[in-house]
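Participant:
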Ligand SMILES: NC(=O)c1ccc[n+]([C@@H]2O[C@H](COP(=O)([O-])OP(=O)(O)OC[C@H]3O[C@@H](n4cnc5c(N)ncnc54)[C@H](OP(=O)(O)O)[C@@H]3O)[C@@H](O)[C@H]2O)c1
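Numbering (our numbering), first residue to last: 133 to 487.
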């Protein structure tokens, strides 16, 4: 079996853990990086996460450039990769349509074309909102006929980041349809490593913990039915690796979401306990919060981005196909409460120590 892989987004949160997982299972990975001078630091991080950095090499590239910015030597290097993992993304709230599309949509299409060109399998990381049919219909995605979707209108409703994630998903499917081997993994919001708690600041979970520590979360958004589905990063990358090399997953997608994640109130309480801060108990109804955040200046004042609220929702998901996949691979969901607690303690000790 060809064990050479290409990974985009390898320096990111999930990417670092994926590289540690792949390399410790005997896979060689070429990492596509914008700044190859940061490769030694990435190798050190992968080692710290339990990976084998001798299995890693690097090519300079950029998702926003034609042909991914790969020169001839880099193209030869990646041509030997049988599996492409696409994780690279521009993640920020408030991105314009043009900014978000350049990296997240066109970049994903370029990776799909590279997979087709090299007859490689593509494992793309999407997001769990793509498994929420009601949400997709609400925001105007035509799932039956995606090319008929008014994408600029979708971007206006959900913001640049989420809009571009949704559009990229359908564009890559069109690109690969009937021609290439595509598997998509849709993760829930990430919490840290179930044992060490390792997580990076800036991740949405880390932001929620920061709001609690800084006592800026005066009320719990939504009702008792709202939740923020989670998955721990170590279990996610295990699922990504298993899915990428499972022939039955060609043309399939996998929802990577721990259905036992507590509701948002339970999550806030668990975070409060681990962080040793008093959590809020009152709820603020979602329409009220959204109306408040629509007022100029308030998102900045409250330090809450309206786009981030879409990920807090009421819908529950059919986990039957994922559970079947786990049974086939003899894996079981690890305890999510442990990952929540470990992540909160890690954040407090590592980044929010002074708070
Ligand atoms: N984190 C979550 O909670 C979550 C939940 C669901 C889905 N996802 C999805 O999972 C994937 C990985 O997410 P993450 O949280 O690991 O992301 P992340 O930590 O923000 O990392 C993003 C990665 O993309 C790279 N990148 C950005 N712009 C690039 C460009 N123009 N060319 C090449 N590389 C570029 C970054 O490299 P630099 O080092 O050069 O900046 C970095 O390695 C994404 O598809 C994301 O949408 C994440």
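Glycine residues also receive a C-beta, built at the ideal position from the N, C-alpha and C atoms.
#1: Thinking just about the alpha-carbon of each residue, which of 461, 375, 293 and 188 is nearest to the one in residue 254?
#2: With DSSP collapsed to three states, give me the class of residue 304.
#3: Would you decide whether residue 185 is buried or exposed? Buried here means 16 or more other CB atoms lie within 10 Å of its CB.
#4: Given the structure, does residue 223 come close to ligand 1, in the sense that its CB is under 7 Å from one of the ligand's heavy atoms?
#5: When you compare each of 333, 361 and 397 to residue 410 by their alpha carbons, which one comes out closest?
#6: Determine the direct distance from the alpha carbon of residue 304 to that of residue 242, and round the result to whole angstroms.
#7: Identify which residue in 263, 178 and 215 has its Cα closest to the Cα of residue 251.
#8: Comparing C-alpha positions only, which one of 334, 198, 295 and 175 sits nearest to residue 187?
#9: If residue 323 and residue 472 are in contact, beta carbons under 8 Å, what's the gap, nearest whole angstrom?
#10: My understanding is that residue 450 touches residue 458, with C-beta atoms under 8 Å, so please give their C-beta distance in whole angstroms.
#11: Between the C-alpha atoms of residue 454 and residue 479, what's the straight-line distance to the nearest angstrom?
#12: How far does the alpha helix (DSSP H) with residue 443 in it extend, from its first residue to its last?
#13: Is residue 137 helix, strand or coil by DSSP?
#14: From residue 298 to residue 390, what does the alpha carbon distance come to, in whole angstroms?
#15: What are the start and end residues of the beta strand (DSSP E) that includes residue 253?
#16: My parser needs the beta strand (DSSP E) runs of 3 or more residues fully inside the region 193 to 229; what are they?
#17: Taking the C-alpha atoms as reference points, what is the distance between residue 205 and residue 193?
#18: Does DSSP classify residue 475 as helix, strand or coil?
#19: Is it the case that the CB of residue 335 approaches a heavy atom of ligand 1 more closely than 7 Å?
#20: Do residue 390 and ligand 1 come close, with the Cβ less than 7 Å from some heavy atom?
#21: Return the chain-ordered list of same chain residues with a C-beta closer than 8 Å to the C-beta of residue 267, the five sequence neighbours on each side being excluded.
#22: Going by C-alpha distance, which of 276, 368 and 296 is nearest residue 265?
#23: Less than 7 Å between the CB of residue 165 and some heavy atom of ligand 1, yes or no?
#24: Taking only the alpha-carbon atoms, compute the straight-line gap between residue 281 and residue 308 and give it to the nearest angstrom.
#25: Using 8 Å as the cut-off, can you tell me whether the region 416 to 426 makes contact with the region 328 to 346, which would need three or more C-beta pairs spanning the two stretches below that distance?
#26: Among residues of its own chain, excluding the 5 on either side of residue 263, which ones have a beta-carbon nearer than 7 Å to its beta-carbon?
#27: Looking at the structure shown, is residue 355 part of a helix, part of a strand, or coil, going by DSSP?
#28: Are the beta-carbon atoms belonging to residue 246 and residue 200 less than 8 Å from one another?
#29: Quick one: does the C-beta of residue 155 sit closer than 7 Å to a heavy atom of ligand 1?
#30: Quick test of the definition: if touching needs 3 or more C-beta pairs under 8 Å, does the region 159 to 174 touch the region 136 to 146?
#31: With respect to 7 Å, is the separation between the Cβ of residue 319 and the closest non-hydrogen atom of ligand 2 below this value?
#32: Please state whether DSSP places residue 455 in a helix, a strand or coil.
Facilitator: Let me lay it out:
#1: To locate residue 254, count along the chain shown from 1; it is residue 122. Taking residue 254 as reference, the option from 461, 375, 293 and 188 with the minimal CA-CA separation is 375.
#2: The residue labelled residue 304 in the question sits at position 172 within the chain shown. Helix at residue 304.
#3: The residue labelled residue 185 in the question sits at position 53 within the chain shown. Flag for residue 185 reads buried.
#4: In the chain shown, counting from the first residue as 1, residue 223 sits at position 91. Indeed, a heavy atom of ligand 1 lies less than 7 Å from the Cβ.
#5: Taking the first residue of the chain shown as position 1, residue 410 is located at position 278. When each option's Cα is compared against that of residue 410, the closest is 397.
#6: As a working note, residue 242 is residue 110 in the chain shown. As a working note, residue 304 is residue 172 in the chain shown. Annotation: residue 242 to residue 304 spans about 9 Å, alpha carbon to alpha carbon.
#7: Position 119 of the chain shown, counting from 1, holds the residue named residue 251. Checked all of 263, 178 and 215; the closest Cα to residue 251 is 215.
#8: Position 55 of the chain shown, counted from the start, is the residue given in the question as residue 187. Comparing Cα positions, the closest option is 175.
#9: Numbered from its first residue, the chain shown carries residue 323 at position 191. Numbered from its first residue, the chain shown carries residue 472 at position 340. That pair is a contact at about 6 Å.
#10: The residue you call residue 450 lines up with position 318 of the chain shown. The residue you call residue 458 lines up with position 326 of the chain shown. By a beta-carbon distance limit of 8 Å, residue 450 does not contact residue 458. Their separation comes to about 14 Å.
#11: Here residue 454 refers to the residue found at position 322 when the chain shown is read from its first residue. Here residue 479 refers to the residue found at position 347 when the chain shown is read from its first residue. Cα to Cα, residue 454 sits roughly 29 Å from residue 479.
#12: For the purposes of this step, residue 443 is taken as residue 311 along the chain shown, with counting starting at 1. If you look at residue 443, you'll find it isn't in any alpha helix (DSSP H); DSSP assigns it neither H nor E.
#13: Counted from its first residue, the chain shown places residue 137 at position 5. Strand at residue 137.
#14: In the chain shown, the residue the question calls residue 298 occupies position 166. In the chain shown, the residue the question calls residue 390 occupies position 258. Rounded to whole angstroms, residue 298 to residue 390 spans 21 Å at the Cα level.
#15: Position 121 of the chain shown, counted from the start, is the residue given in the question as residue 253. That run of the beta strand (DSSP E) goes 253 to 257.
#16: 215 to 218
#17: The residue labelled residue 205 in the question sits at position 73 within the chain shown. The residue labelled residue 193 in the question sits at position 61 within the chain shown. Computed Cα separation, rounded: 12 Å.
#18: By one-based count along the chain shown, residue 475 stands at place 343. DSSP, read as helix, strand or coil, puts residue 475 in helix.
#19: For the purposes of this step, residue 335 is identified with residue 203 of the chain shown, where counting begins at 1. Residue 335 Cβ: within cutoff of ligand 1.
#20: Residue mapping note: residue 390 aligns to position 258 of the chain shown, counting from 1. Incorrect: residue 390 has no Cβ contact closer than 7 Å to ligand 1.
#21: Position 135 of the chain shown, counted from the start, is the residue given in the question as residue 267. Closer than 8 Å at Cβ, skipping near neighbours: 261, 442, 445 and 447.
#22: As a position in the chain shown, residue 265 is number 133, starting the count at 1. Closest by alpha carbon: 276.
#23: What you label residue 165 is simply residue 33 of the chain shown in a count that begins at 1. Yes, Cβ of residue 165 sits closer than 7 Å to a heavy atom of ligand 1.
#24: The sequence position of residue 281 within the chain shown is 149, counting from 1. The sequence position of residue 308 within the chain shown is 176, counting from 1. The alpha-carbon atoms of residue 281 and residue 308 are separated by roughly 19 Å.
#25: Fewer than three beta-carbon pairs drawn from the region 416 to 426 and the region 328 to 346 are found closer than 8 Å, and the two stretches are therefore not classed as touching.
#26: To locate residue 263, count along the chain shown from 1; it is residue 131. Hits under 7 Å: 318, 387 and 449.
#27: Working through the chain shown from its first residue, we reach residue 355 at position 223. Note: residue 355 maps to coil in three-state DSSP.
#28: One-based indexing of the chain shown puts residue 246 at position 114. One-based indexing of the chain shown puts residue 200 at position 68. Contact: yes.
#29: Mapped onto the chain shown, residue 155 falls at position 23. Exclusion of residue 155 from the 7 Å shell around ligand 1 follows from its C-beta lying no nearer than that to any non-hydrogen atom of the ligand.
#30: When C-beta atoms of the region 159 to 174 are compared with those of the region 136 to 146, three or more pairs fall below 8 Å, so the two segments count as touching.
#31: Among the ligands in the structure shown, ligand 2 does not appear; only ligand 1 can be found there.
#32: One-based indexing of the chain shown puts residue 455 at position 323. DSSP places residue 455 in helix when its eight states are reduced to three.
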